[in-house]
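Just so it is clear: in the sequence shown, position 1 is 1 by the numbering used here, and no numbers are missing.
C-beta atoms are modelled at their ideal positions from N, C-alpha and C, and glycine is treated no differently.
The structure appears right after this line, and notes come after that.
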Amino acid sequence: MNTPSSRSLEQPRTKEAFRRIKLLVGTYLGVSVLTLLAVVLLRNDHAAVNSAVWIRGSIVAVSSVLLYAFAVRAARGARGAWRRLTVISSVMVAVIVVIIALPGGFPEWMKIEQGVCGLLLIGVVGYAITLRPVFSRSRA
Numbered sequence: 001m002n003t004p005s006s007r008s009l010e011q012p013r014t015k016e017a018f019r020r021i022k023l024l025v026g027t028y029l030g031v032s033v034l035t036l037l038a039v040v041l042l043r044n045d046h047a048a049v050n051s052a053v054w055i056r057g058s059i060v061a062v063s064s065v066l067l068y069a070f071a072v073r074a075a076r077g078a079r080g081a082w083r084r085l086t087v088i089s090s091v092m093v094a095v096i097v098v099i100i101a102l103p104g105g106f107p108e109w110m111k112i113e114q115g116v117c118g119l120l121l122i123g124v125v126g127y128a129i130t131l132r133p134v135f136s137r138s139r140a
């Protein structure tokens, strides 16, 4: 079975987990769009915006839109969307840790922004993992 039963999706804990996931991903989306706007506004300040910032800002903005779409589809019962949400959020957290840890490459303001995004995504991963039983294939 590829989708959970409507009964399991209507459980209060499941609905609350998805509400929180969508709130966290929506906040991540907002931060990402504001960051991209800041990149555009600061484009002439080469100390604040380099090519790595342009690339990372664009990737984060696109991934945030995709993650929100996955969250919405997962809340409707799409197992594949839940899996993508969980995996991509986890990978993004790992990448953010590397970005913050490595010296150079990104200005401090971008590392701080990425830290905020990482905290939001850790929450997404945590809630998404609690939904594993809802999307388990072994359910009857």
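Beta-carbon proximity of residue i to residue j, cut-off 8 Å
i	j	result
A94	L85	no
G118	A52	no
S64	I88	no
G57	T27	no
A128	W82	yes
L121	T14	no
G75	K22	With the sequence shown as reference, residue 75 is identified as Ala, and Gly is not the correct amino acid for it. Cβ atoms of A75 and K22: closer than 8 Å.
Three-state secondary structure (DSSP) of residue i
i	result
V40	helix
P4	coil
I59	helix
E10	coil
S136	coil
V65	helix
V49	coil
Rounded distance between the beta-carbons of residue j and residue i, thought under 8 Å
i	j	result
V124	V25	6 Å
V33	A69	Not quite, the Cβ-Cβ distance comes to about 15 Å (not below 8 Å), so this is no contact.
G80	P4	Not confirmed; about 12 Å, so no contact.
V183	E113	Any answer about residue 183 is impossible in this case: the structure gives the chain only from 1 up to 140.
Below-8 Å beta-carbon distance, residue i vs any chain D residue
i	result
R84	Among the chains in the structure shown there is no chain D, since it carries only a single protein chain.
Ignoring anything shorter than 4 residues or poking outside the region 69–131, list the alpha helix (DSSP H) runs there in chain order. 79–101, 108–130
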